[in-house]
Amino acid sequence: MNRRTRLLVLGPLVAASFVAAPTALAAAPHTPPAVLPAATCSTSGVLDNGKVHLSGGGFTPGPAYVYGSAGFGGTVEIAQNGGFQVMNVPPGTYSVRQGGELTQCSG
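Numbering (the working numbering), first residue to last: 1 to 107.
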């Protein structure tokens with residue numbers, strides 16, 4: 001096929017693909033962005049020393065505030081993996097506040 005014929009045949013096909021591409025992309029089902037895991041927190045059972053361990057995951061790395069019914073409270077640093085551990089705290093009900101989110105600890 002000579003060059004002129006090739007341009008006459010292929011030109012409209014290439015142009016049509018540029019017109020059809022945005023329509024095809026718009027019609028494709030959209031996948032929602034990955035949802036971050038919900039933050040969770042729990043306490044261990046009461047240990048031999050009468051204390052519990054507090055741990056959590058799914059948080060944003062950085063500072064968070066832990067407070068409990070037994071009067072314990074303070075800032076914890078959430079690791080890059082989204083987790084934290086606080087060892088040997090009094091048994092009680094605990095919550096973790098990070099930003100505007102409040103997570104109740106189970107256990």
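Every residue gets a Cβ at the ideal spot worked out from N, C-alpha and C, and that includes glycine.
Beta-carbon proximity list for residue i, same chain, < 7 angstroms, skipping 5 on both sides
i	result
S44	V52, H53 and G107
V46	V52 and P91
A70	P90, P91 and G92
G74	V66
Sequence-distant residues of the same chain with beta carbon closer than 6 angstroms to residue i, five excluded per side
i	result
F84	G56, V76 and I78
A64	V76, I78, V96 and Q98
G100	none
Beta-bridge partners of residue i, as assigned by DSSP
i	result
P63	E77
F72	Paired residue(s): none; F72 is not in a bridge.
First through last residue of the beta strand (DSSP E) which encompasses residue i
i	result
C105	Neither: C105 is in no beta strand (DSSP E) and is coded neither H nor E.
L54	V52 to G57
V46	Neither: V46 is in no beta strand (DSSP E) and is coded neither H nor E.
Same chain, Cβ closer than 8 angstroms to residue i, neighbours up to 5 away in sequence not counted
i	result
S95	C41, V66, Y67, G68, L102, T103, Q104 and C105
Supposed contact pair residue j and residue i - C-beta distance, whole angstroms, cut 8 angstroms
i	j	result
N49	N88	7 angstroms
A58	A39	Going by the sequence as given, residue 58 is Gly instead of Ala. The pair is a contact, with the Cβ atoms about 4 angstroms apart (cut-off 8 angstroms).
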